[in-house]
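Every number in my numbering is 1289 more than the matching position in the sequence shown, counting from 1.
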Amino acid sequence: MTEEPKTPSQATIAREVSRNKNKAEDYLKDPEKSKKLLDQAIKKANSKEENKGPLADVWNSLKALVRMFQAYIHKEYTVVPWGSIVLVVVAILYFVSPIDLIFDWLPLAGFVDDAAVIGFVIKAIQNDLNAFLKWENLNKSINEVLDQESSI
C-alpha cells in the first residue's frame, strides 16, 4: 500500500514563502531575469498540462498567476500592489524550482508542496487576483468587439 503524500503545514509553507521574498524581489527588479522566469514557468506548466488530474484547480490558479506576472512585466497590468506581485513571483519560483520541500521528480508527491504554496499565495492575494481576472476578461471582451468591428 502506498502512502498518500503529506501536505506541508501552513507554518512550513509560510516560512518557505517568507524565505523566498527577497529572491522574488530581485527577479522583479531585473526585467531579463523576470522574462527568463516567465519563460521557464510557461514551459514547465505546458509540459505538465496533460497531467493535471486531481490538481486541476491548482493548475488553473497557477496559469492565472503566470498570466498576471506576464501582464505585469509587460507593463499591461501594473496596478497590483508590490507585496502581491512579490508573492506571485514566489509561487512561480517555487513551481519552477525542482528543489523545494518535496522534490518534483517524485511522482505526484513532488507537486503537493507546489500546490500548497500556490494555494497559500492565492489565499493571500485573492482580492488582487480577482481584480486582475476582471481586468483580463474586460480586455478580452474589448478586443473581441474591436476585432469584430475591424472585420466589418
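A virtual CB, placed ideally from N, CA and C, is assigned to each residue, including glycine.
Bounding residues of the alpha helix (DSSP H) (the contiguous stretch that carries residue i)
i	result
E1305	Q1299 to R1308
S1274	Residue 1274 lies beyond the range of the chain shown here (1290 to 1441); nothing can be said about it.
Y1383	W1371 to V1385
Distance between residue j and residue i (C-alpha atoms, nearest Å)
i	j	result
A1300	A1360	31 Å
P1370	Q1329	24 Å
V1385	W1424	26 Å
I1411	S1350	7 Å
H1363	S1307	26 Å
M1290	V1401	With a pLDDT of only 42 at M1290, under 50, the local geometry of the prediction cannot be trusted, and the value read off the model is given with reservation. If you take the alpha carbons of M1290 and V1401, they lie about 19 Å apart.
Neighbourhood of residue i by C-beta distance below 7 Å, restricted to the same chain and skipping five residues each side
i	result
E1314	V1375
A1420	none
K1310	V1375 and V1379
I1381	L1326, A1330, L1354, V1355 and F1358
I1302	A1405, V1406 and F1409
6 Å Cβ shell around residue i - same chain, five flanking residues per side excluded
i	result
V1347	A1404 and I1407
L1427	none
Contact set for residue i: own chain, Cβ-Cβ below 8 Å, skip 5 residues either direction
i	result
T1367	Y1361
A1353	L1418, F1421 and L1422
Meets three-Cβ-pair contact criterion under 8 Å: the segment 1308-1321 and the segment 1413-1431:
no
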